[in-house]
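Numbering of the sequence shown is given in full-length UniProt numbering, commencing with residue 1 and proceeding in unit increments. Each remark here refers to the structure printed beneath this line.
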Amino acid sequence: MIHSALAGRLRPVALACACASFALSARAAEPAAKLEAVVVTASRTETASRDLVADVVVIDRDTLDQSAGATLTEVLRQHAGVQIASNGGWGKQASVFLRGTEARHALLLIDGVRYGSATLGQPNWDNLPLEAIERIEVLRGPAAALYGSDAVGGVVQIFTRAGAEGPARPHAGATVGSYGRRETRAGVSGGTAQVRYALGVSAGREDGFSATNERVPFGNFNPDRDGFEQRALHARLDADLAPGLRLAAHALVSSGDSQFDSSLNGSASFDVHGLTTTRVWGVTLTQAWTGGGRTQLKFGRADDLTRNLYRTATTVFDTERRQWTLQHDQPTSLGTFTVGVDHVREEVNSTTAYTVRDRNLDGVFAGWHGRAGAHRWQANVRRDDNSQFGGATTGSLGYGYDVAPGWTVLAAAGTSFKAPTFNQLYFPQFGNPTTQPEKGRSRELALQWAQGPHQWRLTYFEQRIRGYITTTPVVVNLPKVAIDGWSFTGQTVLDGWRIGGSLELLEARNRTPGSNFDRRLPRRAEEQLTLTVERSLVGWWVGAQALLVGDRFDDVANTRRMGGFGTLGLTAQRALAPGWTLRLRLDNLADKRYETAWGYNQPGRAAYVTLQWQPPR
Numbered sequence: 001m002i003h004s005a006l007a008g009r010l011r012p013v014a015l016a017c018a019c020a021s022f023a024l025s026a027r028a029a030e031p032a033a034k035l036e037a038v039v040v041t042a043s044r045t046e047t048a049s050r051d052l053v054a055d056v057v058v059i060d061r062d063t064l065d066q067s068a069g070a071t072l073t074e075v076l077r078q079h080a081g082v083q084i085a086s087n088g089g090w091g092k093q094a095s096v097f098l099r100g101t102e103a104r105h106a107l108l109l110i111d112g113v114r115y116g117s118a119t120l121g122q123p124n125w126d127n128l129p130l131e132a133i134e135r136i137e138v139l140r141g142p143a144a145a146l147y148g149s150d151a152v153g154g155v156v157q158i159f160t161r162a163g164a165e166g167p168a169r170p171h172a173g174a175t176v177g178s179y180g181r182r183e184t185r186a187g188v189s190g191g192t193a194q195v196r197y198a199l200g201v202s203a204g205r206e207d208g209f210s211a212t213n214e215r216v217p218f219g220n221f222n223p224d225r226d227g228f229e230q231r232a233l234h235a236r237l238d239a240d241l242a243p244g245l246r247l248a249a250h251a252l253v254s255s256g257d258s259q260f261d262s263s264l265n266g267s268a269s270f271d272v273h274g275l276t277t278t279r280v281w282g283v284t285l286t287q288a289w290t291g292g293g294r295t296q297l298k299f300g301r302a303d304d305l306t307r308n309l310y311r312t313a314t315t316v317f318d319t320e321r322r323q324w325t326l327q328h329d330q331p332t333s334l335g336t337f338t339v340g341v342d343h344v345r346e347e348v349n350s351t352t353a354y355t356v357r358d359r360n361l362d363g364v365f366a367g368w369h370g371r372a373g374a375h376r377w378q379a380n381v382r383r384d385d386n387s388q389f390g391g392a393t394t395g396s397l398g399y400g401y402d403v404a405p406g407w408t409v410l411a412a413a414g415t416s417f418k419a420p421t422f423n424q425l426y427f428p429q430f431g432n433p434t435t436q437p438e439k440g441r442s443r444e445l446a447l448q449w450a451q452g453p454h455q456w457r458l459t460y461f462e463q464r465i466r467g468y469i470t471t472t473p474v475v476v477n478l479p480k481v482a483i484d485g486w487s488f489t490g491q492t493v494l495d496g497w498r499i500g501g502s503l504e505l506l507e508a509r510n511r512t513p514g515s516n517f518d519r520r521l522p523r524r525a526e527e528q529l530t531l532t533v534e535r536s537l538v539g540w541w542v543g544a545q546a547l548l549v550g551d552r553f554d555d556v557a558n559t560r561r562m563g564g565f566g567t568l569g570l571t572a573q574r575a576l577a578p579g580w581t582l583r584l585r586l587d588n589l590a591d592k593r594y595e596t597a598w599g600y601n602q603p604g605r606a607a608y609v610t611l612q613w614q615p616p617r
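Structure representation (structure tokens):
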């Protein structure tokens, strides 16, 4: 670990060297044609990435194909601003931390529908199969003025696979690998100019490894294998009903059976089966008007259902979210204006006796974004009404200026809030019904450079959270938490090599006077470095992925330290015949043993082989 004082001296040097490296590489490389990304999450409307102020990364289908055998969280952590903590391997509870904020501060949208547990306060990330996903957008930084509560640290939005005009195009694949991993998947897509469709299924199983070790709390250690089994289905239909009127319907259903260790009531640790079901569906009607305006009406539902089967009891934690949104976007010569209203009803069904089991979340929002010459801007305001906690108003403002060809300076500021979860309010023994919502203020300043396929971005960000919710051992609001950080991301092409990487230097600390003053927030590393290198070589597309993570603490008092770690992965793929592709992946080449949560093991060296079939168009 880099000590915070030393890190303060090294940061400008490290970041300047990284920037110079990418800039020099870009001068030596031949620019390549590249389609410009269109992003939805950063403004709630389709916006060209070059017009954005926000910090967004897009993970496309090609990247997901090369990650066969990986989990969703393993894919996410290869990108700046994303840190992961996991209670074991595939299918175990995993937490996603965006820019140093809490796991409950990362909002997950699936085709625009909010998904997650209202009791735990976060989604079941590993129950979402990569097979169902077309692309992922990660918005780094607060977005409460766009989406309301939960989006304190940022937003992850998953877009499921969609059909395209043309004859039916099937695809199928299989993966086998370490820890008894075996996966199969199949699907078909196609359509006409008026109707497009996509349908897919997947199934996977892993015998696993021991998720726990002797350090795990509460005597939960059991050295047996803790496996996982998953089955999933996804479907999407897009239809043009009339000139300018379009219907889009989507559904994702995934069920998982995860084995984990527990010593309920102080008995010897034994296997528990955690049965999880994810159901997300939505219907959107879009009317395009003369003059470029567009009105959308969305209906959706997201269910997060959990059954924990102990030897002597079964616990139930179910969340049902019913939601609708009405939004209008109007492009003008002064930019695009957005106005809308949305409603979410959360209901909890559980064997735990929660004092309150449901609440309504109503929001009204407006936004304005655009670009004119060297200027780009975005402004958003939102008013939310929570049936438990009343109203909250959030806002954000961002501006960018092209100071020279390829060079842009950007600045943004905003506010956020997060309502307590049902567990934080009412769970027996540690819940506190007097807990109040968290409120945050954020600022960021960035410098970015882009020329063809070569680009980098240097960002300084800070966030101050008042009323930060923590458990010590009961739930309380801390007056102040401070998060400060530097982030560098870049990519380039050099003599046929595609090189991408990121560096994040983070300080996330408790600033509340008392015994834990200036302690680091649990499970956040102060340094994280990623590097990816790829190229074509003798008929193969080969790549290497490195991840270096600093040490972290597992508790608020910083007494349980988990050491830093580094992993190296290798990938290779080759076309065997028209429509047939072989993919190879080797993770954690050095078989590094490490933890991201105290007492929980992470996968060692693992190899995966994938055979994919999709006939050419």
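C-beta: ideal position from N, C-alpha, C; glycine also.
#### Entry: Backbone CA spacing between Gly440 and Leu582 [nearest angstrom]
Computed Cα separation, rounded: 47 Å.
#### Entry: Residue of His171, Glu74 and Glu102 minimising C-alpha distance to Trp125
Ranking His171, Glu74 and Glu102 by Cα distance to Trp125 puts Glu74 first.
#### Entry: Beta-carbon proximity list for His375, same chain, < 7 Å, skipping 5 on both sides
Result list for His375: Tyr401, in chain order.
### Extent of the continuous alpha helix (DSSP H) run through Leu547
In the DSSP assignment, Leu547 falls outside any alpha helix (DSSP H) and within the unbroken beta strand (DSSP E) covering Trp540 to Val549.
### Query
Do you know offhand how far Val339's Cα is from His328's?
Those two C-alpha atoms are separated by around 6 Å.
### Task
Assign Asn360 to buried or exposed, taking buried as 16 or more other Cβ atoms, counted over all protein chains shown, within 10 Å of its Cβ.
With fewer than 16 Cβ atoms within 10 Å of its Cβ, Asn360 is classed as exposed.
### Task
Could you check if Glu131 is buried or exposed, using at least 16 other CB atoms within 10 Å of its CB as the buried criterion?
By the Cβ neighbour-count rule, Glu131 is buried, with 16 or more other Cβ atoms within 10 Å of its own.
#### Entry: Test item: CB-CB of Gly89 and Phe221 under 9 Å
Phe221 is positioned such that its CB atom lies no closer than 9 Å to that of Gly89.
### Task
Would you list the one or two residues that DSSP bridges to His328?
His328 has Thr295 and Val339 as its beta-bridge partners, per DSSP.
### Message
On the DSSP bridge list, what partners appear for Leu576?
### Response
Under DSSP, Leu576 forms no beta bridge with any residue.
### Task
Go ahead and pull the three-state DSSP assignment for Trp281.
Per DSSP, reduced to three states, the secondary structure at Trp281 is strand.
### Query
Helix or strand or just coil, what does DSSP make of Glu74?
Annotated three-state conformation of Glu74 is helix, per DSSP.
### Task
Name the residue from Phe422, Leu447, Val272 and Phe299 whose alpha carbon lies nearest to the alpha carbon of Thr437.
Per the sequence shown, the amino acid found at residue 437 is Pro instead of Thr. The candidate whose alpha carbon is nearest that of Pro437 is Phe422.
### Query
Can you tell me whether Ala32 is buried or exposed, with buried defined as 16 or more other CB within 10 angstroms of its CB?
Below a pLDDT of 50, predicted positions are generally treated as unreliable, and Ala32, at 37, falls in that range; the measurement from the model is reported next regardless. With fewer than 16 Cβ atoms within 10 Å of its Cβ, Ala32 is classed as exposed.
### Message
Does Arg140 pass the burial test, meaning 16 or more other C-beta atoms within 10 Å, or should it be called exposed?
### Response
By the 16-neighbour rule on beta-carbons within 10 angstroms, Arg140 is buried.
### Message
Using C-beta distances below 6 Å, list every residue in its chain close to Gln463, excluding the 5 sequence neighbours before and after it, in chain order.
### Response
Counting only Cβ-Cβ distances below 6 Å, and skipping sequence neighbours, we find Gly440, Ser442 and Ile483.
### Task
Would you please state the rounded distance, in angstroms, between the beta carbons of Tyr608 and Arg185? I believe it to be under 8 Å.
Actually they do not touch by this definition, with Cβ atoms about 14 Å apart.
### Task
Would you check if the stretch 385-399 and the stretch 356-371 touch, i.e. whether three or more CB-CB distances between them fall below 8 Å?
Short answer: they touch.
### Nearest candidate by alpha-carbon position, reference Phe337, set Val39, Thr45 and Val40
With distances taken between Cα atoms, Phe337 lies closest to Thr45.
### Message
Residues in the same chain with beta-carbon distance under 6 Å from Ala450, minus the five sequence neighbours each way, listed in chain order, please.
### Response
So the list reads Gly406, once near-sequence residues are dropped.
### Query
Over what stretch of residues does the beta strand (DSSP E) that includes Tyr401 continue unbroken?
It spans Gly390 to Ala404 - the beta strand (DSSP E) in which Tyr401 sits, taken as one unbroken run.
### Message
Starting from Tyr310, trace the alpha helix (DSSP H) in both directions and tell me its first and last residue.
### Response
Note, Tyr310: premise wrong, no alpha helix (DSSP H); not H, not E.
### Message
I need the DSSP call for Ser178, collapsed to helix, strand or coil.
### Response
Three-state result, Ser178: helix.
### Query
Taking C-alpha atoms, which residue in Gly579, Leu586 and Gln573 lies nearest to Asp65?
The candidate whose alpha carbon is nearest that of Asp65 is Gln573.
#### Entry: Integer-rounded CB distance, given that Gly300 should sit under 8 Å from Gln323
The C-beta distance from Gln323 to Gly300 rounds to 5 Å, short enough to fall under 8 Å.
#### Entry: Cα-Cα separation, Ala508 to Val549
For Ala508 and Val549, the distance between alpha carbons rounds to 15 Å.
### Task
Spatial neighbours of Gly121 within its chain, please: CB distance less than 6 Å, with the 5 preceding and 5 following residues excluded, ordered by chain position.
Beyond the five residues adjoining it in sequence on each side, Gly121 comes within less than 6 Å, by CB distance, of Arg104 and Thr421 in the same chain, given in chain order.
### Task
Indicate the three-state DSSP secondary structure (helix, strand or coil) for Arg535 in the structure shown.
Note: Arg535 maps to strand in three-state DSSP.
#### Entry: the stretch 93-101 contacting the stretch 150-165, beta-carbon criterion three pairs below 8 Å
Put simply, the stretch 93-101 touches the stretch 150-165. At least three CB pairs are less than 8 Å apart.
### Task
Could you tell me whether the Cβ atoms of Leu309 and Val272 are closer together than 9 Å?
Yes.
#### Entry: Presumed contact (8 Å Cβ cut-off) between Leu410 and Ala446, rounded CB distance
Indeed, because the Cβ distance is near 4 Å, the residues count as touching under 8 Å.
### Task
Return yes when the Cβ of Ser258 is within less than 9 Å of the Cβ of Phe218, no when it is not.
Not in contact: Phe218 and Ser258 (Cβ atoms no closer than 9 Å).
### Query
Excluding sequence positions up to five away, which residues of its chain have a Cβ less than 8 Å from the Cβ of Val13?
Note that Val13 scores 38 on pLDDT, short of 50, meaning its location in the model is unreliable and no value can be drawn from it.
### Message
Tell me which residue opens and which closes the alpha helix (DSSP H) that Arg61 is part of.
### Response
Per DSSP, Arg61 belongs to the alpha helix (DSSP H) from Arg61 to Asp65.
### Task
Let me know the secondary structure DSSP gives Trp289 once reduced to three states.
In this structure, Trp289 counts as coil in the three-state DSSP scheme.
### Task
Would you kindly report the start and end of the unbroken beta strand (DSSP E) that includes Ala249?
Unbroken beta strand (DSSP E) run through Ala249: Leu245 to Ser262.
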